[in-house]
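The structure appears below as structure tokens.
2 protein chains.
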Amino acid sequence: MEDSKYKAAGVNIDEQDKAIDKIKSIVKTTFTPDVLTGIGSFGTLFQIPEGFKNPVLISSCDGVGTKLKVAFMTGIHNTVGQDLVNHCVNDIFVQGAKPLYFLDYIATGKLYAGVVEDIVSGLAKGCKENGMSLIGGEMAEMPGFYSEGEYDIAGFITGIAERDKVLTGEKIKPGDLIIGLKSTGLHTNGYSLARKIFFEDLGLKVDDYVDDLGCTVGEELLKIHKSYYPVLKDAVKEGIINGMAHITGGGFLDNIPRVLPEDCDAIIKKDRVPVLPVFKFLIENGDISEKEAYRVFNMGIGMVCMVSPENIEKFYSLVKDEVFEIGVIEQGFKKAVLI
Amino acid sequence: MEDSKYKAAGVNIDEQDKAIDKIKSIVKTTFTPDVLTGIGSFGTLFQIPEGFKNPVLISSCDGVGTKLKVAFMTGIHNTVGQDLVNHCVNDIFVQGAKPLYFLDYIATGKLYAGVVEDIVSGLAKGCKENGMSLIGGEMAEMPGFYSEGEYDIAGFITGIAERDKVLTGEKIKPGDLIIGLKSTGLHTNGYSLARKIFFEDLGLKVDDYVDDLGCTVGEELLKIHKSYYPVLKDAVKEGIINGMAHITGGGFLDNIPRVLPEDCDAIIKKDRVPVLPVFKFLIENGDISEKEAYRVFNMGIGMVCMVSPENIEKFYSLVKDEVFEIGVIEQGFKKAVLI
Chain Y
74 MEDSKYKAAG
84 VNIDEQDKAI
94 DKIKSIVKTT
104 FTPDVLTGIG
114 SFGTLFQIPE
124 GFKNPVLISS
134 CDGVGTKLKV
144 AFMTGIHNTV
154 GQDLVNHCVN
164 DIFVQGAKPL
174 YFLDYIATGK
184 LYAGVVEDIV
194 SGLAKGCKEN
204 GMSLIGGEMA
214 EMPGFYSEGE
224 YDIAGFITGI
234 AERDKVLTGE
244 KIKPGDLIIG
254 LKSTGLHTNG
264 YSLARKIFFE
274 DLGLKVDDYV
284 DDLGCTVGEE
294 LLKIHKSYYP
304 VLKDAVKEGI
314 INGMAHITGG
324 GFLDNIPRVL
334 PEDCDAIIKK
344 DRVPVLPVFK
354 FLIENGDISE
364 KEAYRVFNMG
374 IGMVCMVSPE
384 NIEKFYSLVK
394 DEVFEIGVIE
404 QGFKKAVLI
Chain Z
74 MEDSKYKAAG
84 VNIDEQDKAI
94 DKIKSIVKTT
104 FTPDVLTGIG
114 SFGTLFQIPE
124 GFKNPVLISS
134 CDGVGTKLKV
144 AFMTGIHNTV
154 GQDLVNHCVN
164 DIFVQGAKPL
174 YFLDYIATGK
184 LYAGVVEDIV
194 SGLAKGCKEN
204 GMSLIGGEMA
214 EMPGFYSEGE
224 YDIAGFITGI
234 AERDKVLTGE
244 KIKPGDLIIG
254 LKSTGLHTNG
264 YSLARKIFFE
274 DLGLKVDDYV
284 DDLGCTVGEE
294 LLKIHKSYYP
304 VLKDAVKEGI
314 INGMAHITGG
324 GFLDNIPRVL
334 PEDCDAIIKK
344 DRVPVLPVFK
354 FLIENGDISE
364 KEAYRVFNMG
374 IGMVCMVSPE
384 NIEKFYSLVK
394 DEVFEIGVIE
404 QGFKKAVLI
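Protein sequences, first through last, are from chains Y and Z.
My numbering numbers the first residue of the first sequence as 74 and each following residue consecutively.
My numbering numbers the first residue of the second sequence as 74 and each following residue consecutively.
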């Protein structure tokens, strides 16, 4: 195919084959015994795990957004896969799902096997950390779509839950405590605004060290989106969480109401939120109103759990992570209120 | 949010909300009774359909590739969703799966609610034609990633099959007939090369009428990728197909071997292939070798079925579509051979 017309049109099947060879062994390390087919078949077979009486599937799909631009700027491509996986895991875990398998979509203008290998390494690491199989994906070379050295990635997750144990939030009631778990940083939200402030307004480079952050701009902005499945799965299994919300785009204000009953409000006490230095830095240097900051960013809390006071001690004993009691559920109208 | 900093950074949550409002009702029309949650929850719940003894899930993921550029050039955005859905359906149907549900990823630089509505209309139409639910998706606004008016889309499909009825190709044996079903055109493969020939080499515009094609360039290049599920599902149910291959990127030569046993070759008789006018046009005007054409394009056959001679009459009676006996399985080495 060296001098083929297809290659002249910008598509290099040989480089694609090289990339597939590189990622085959990485991907296989994620396979659980429920994966029934290997790489190369059109679709991938996955058996429904044993032990469920009335299982339901819970699926979601997401991207990493413009956090990818930071990967391009730093040349670090082996963490965005973890961001993608962990974001997707959190999105189905808030409904009580155990993650089963993951598929990825990687699109680029010109395919470099080494970059694909880095991306897939991150995906595989994320999958393994969540006990999940990376069962397939699509690698699309699309000349003229993406700038040189750039790409986009999306992920698709499928999990499973016992139908009568799905977390819908309907068990949430006035008096429940709102427990927040720390985020690592921006996770995967608010990057268009954060990049504007860091790189355009302040003219910083990814390698610049920022005292307030204790690291370089690139290090701060590539901090990996945390998966809360490993630290919260035991508490979910015990049935002592009444509802969970993943704090993504839209912040507390948009995400918590998604799981609230019609007659409940979530009262968030701002002085209880462990606001991370990066958000203080962005608010100050970006001249952002506090209200907008709470709508765009997670502010330092990546996941909230609503827990009845009678279960709180058991919750604390099961959760091996720093937790913050940031608010309480009150009678209301399905709103999150910052006080 | 009119004057928000986030909007100034290129992200408009209000336009996203508008787009979500527009697509809500469209998406709901695709829901089968197995969809247990509506739009707005973090993940979507789907119950495993009744009637399966030992069900396995079959999943796949794909994009539309640079066919999207033709959508941008023509301003027609309501067909690429069908391309995406049908491509994904075929990829899992070749293993005997019944399509269950679909999720989409739509990424763009600047979000226009009307364009998103068109894309999702196509996705919903494709889903309904395949008896499948469009249960969720991600709409990502990524300033600086995509050129003005451009976007990328990816799809994730999940289907189900009875474990002992999964089509692996292992039943294929020497003497089986290779039956091809017509494609509508390029489907979703070879677009980088085709666009180069039409638009760069020949300098044609999407509105130019081409006598050899009997339509405009835009009409030809937007012909919808066909789903073979509706026309072949009865034959699959009857168990009279020994193996199927979806003819996508890589053509006959790469795709048929994926389902062949180690000791079988697929002998394709070129004079039996109903080569579509668009491929003759591309070969002639693009100065492409026949060998490369068969590796890049489907040439007019979008799906092949391997069928035992004793089942062929029943196959013909069950398949309500034009079929072409394009070859035969012989003893060999897992290769597709053009003669």
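Glycine included, each C-beta is placed from N, C-alpha and C at the ideal position.
Computed from a prediction, not measured in an experiment: that's the story for all the values here.
> Would Ile320 of chain Y count as contacting chain Z if we go by Cβ distances under 8 Å?
Replying inline: no
>> Starting from Ser300 of chain Y, trace the alpha helix (DSSP H) in both directions and tell me its first and last residue.
In response: Neither: Ser300 of chain Y is in no alpha helix (DSSP H) and is coded neither H nor E.
> Would Met414 of chain Y count as contacting chain Z if we go by Cβ distances under 8 Å?
Replying inline: Coverage of chain Y is limited to positions 74 through 412, which leaves residue 414 of chain Y absent and any answer about it impossible.
> Which residues, in chain order, does the stretch 207–220 of chain Z contribute to contact with chain Y at a C-beta distance below 9 Å?
Replying inline: Ile208, Gly209, Gly210, Glu211, Ala213, Glu214, Met215, Pro216, Gly217, Phe218, Tyr219, Ser220
> For a contact meaning CB atoms closer than 9 Å, what does Leu176 of chain Z contact in chain Y?
Replying inline: Ser132, Ser133, Cys134, Phe229
>> With H, G and I counted as helix, E and B as strand and the rest as coil, what does DSSP make of Tyr185 of chain Z?
In response: coil
> Can you give, in chain order, each stretch of the alpha helix (DSSP H) that sits fully within the stretch 339–394 of chain Z and has at least 4 residues?
Replying inline: 350–359, 363–369, 385–391
> In chain Y, what lies closer than 7 Å to Thr257 of chain Z by C-beta?
Replying inline: Those do not exist, as Thr257 of chain Z stays about 19 Å from chain Y at its closest Cβ, beyond 7 Å.
> If you draw a straight line from the alpha carbon of Lys183 of chain Y to that of Tyr224 of chain Y, how long is it in whole angstroms?
Replying inline: 9 Å
> Quick one: what's Val396 of chain Z bridged to in DSSP?
Replying inline: Z:Leu254
> Which residues of chain Y have a Cβ atom closer than 9 Å to the Cβ of Ser265 of chain Z, listed in chain order?
Replying inline: Tyr79, Ala82, Gly83, Val84, Glu214, Met215, Pro216, Gly217
>> Please list, in chain order, the chain Y residues whose beta carbon lies closer than 7 Å to that of Phe119 of chain Z.
In response: Val129, Leu130, Ser132
>> Taking only three categories from DSSP, how would you classify Ser194 of chain Z?
In response: helix
> Apart from the five residues on each side of it in sequence, which residues of its chain come closer than 6 Å, Cβ to Cβ, to Met372 of chain Y?
Replying inline: Val346, Val348, Phe352
> Between which two residues does the beta strand (DSSP E) harbouring His319 of chain Y extend?
Replying inline: 316–319
>> Measuring only the C-alpha atoms, how far is Tyr367 of chain Z from Ala213 of chain Y?
In response: 20 Å
> Looking only at its own chain, which residues have a Cβ that is under 7 Å from the Cβ of Glu75 of chain Y, when we skip the five neighbours before and after it?
Replying inline: In this prediction, Glu75 of chain Y scores a pLDDT of 37, lower than 50, which makes its location untrustworthy; the coordinate-derived value is nonetheless stated afterwards. Hits under 7 Å: none found.
> How about Leu141 of chain Z and Phe175 of chain Z: do their beta carbons lie closer than 8 Å?
Replying inline: no
> With distances taken between CB atoms, is the gap from Asp284 of chain Z to Gly228 of chain Z smaller than 8 Å?
Replying inline: no
> Measuring CA to CA, which of Z:Ala81, Z:Val193, Z:Gly242, Z:Ile192 is closest to Met317 of chain Z?
Replying inline: Z:Gly242
> CB-CB under 6 Å to Lys407 of chain Z, same chain, minus the five flanking residues each way: which ones, in chain order?
Replying inline: Pro330, Leu333, Glu335
>> Less than 8 Å between the C-beta atoms of Ile230 of chain Z and Leu130 of chain Z, yes or no?
In response: no
> Do Val143 of chain Y and Glu199 of chain Y come within 8 Å of each other at the CB atom, strictly closer than that value?
Replying inline: Per the sequence presented here, residue 199 of chain Y reads as Gly, with Glu not at that position. No, these two residues do not count as a Cβ contact at 8 Å.
>> Could you tell me which whole beta strand (DSSP E) segments of length 3 or greater appear in the stretch 200–256 of chain Y?
In response: 206–214, 224–235, 250–255
>> Measuring straight from C-alpha to C-alpha, what distance separates Ile165 of chain Z and Ile270 of chain Y?
In response: 45 Å
> Using 8 Å as the limit for Cβ to Cβ distance, is Lys101 of chain Y near chain Z?
Replying inline: no
> In terms of alpha-carbon separation, which member of Y:Thr147, Y:Tyr185, Y:Ser98 lies closest to Lys296 of chain Y?
Replying inline: Y:Thr147
>> Strictly below 8 Å CB to CB, what residues from chain Y border Ala339 of chain Z?
In response: Under the 8 Å cutoff, chain Y gives no residues; its nearest Cβ is about 16 Å from Ala339 of chain Z.
>> For a contact defined as C-beta to C-beta under 7 Å, what are the partners of Gly359 of chain Z on chain Y?
In response: Lys78
> Using the C-alpha atoms, what's the distance from Asn262 of chain Y back to Gly154 of chain Z?
Replying inline: 27 Å
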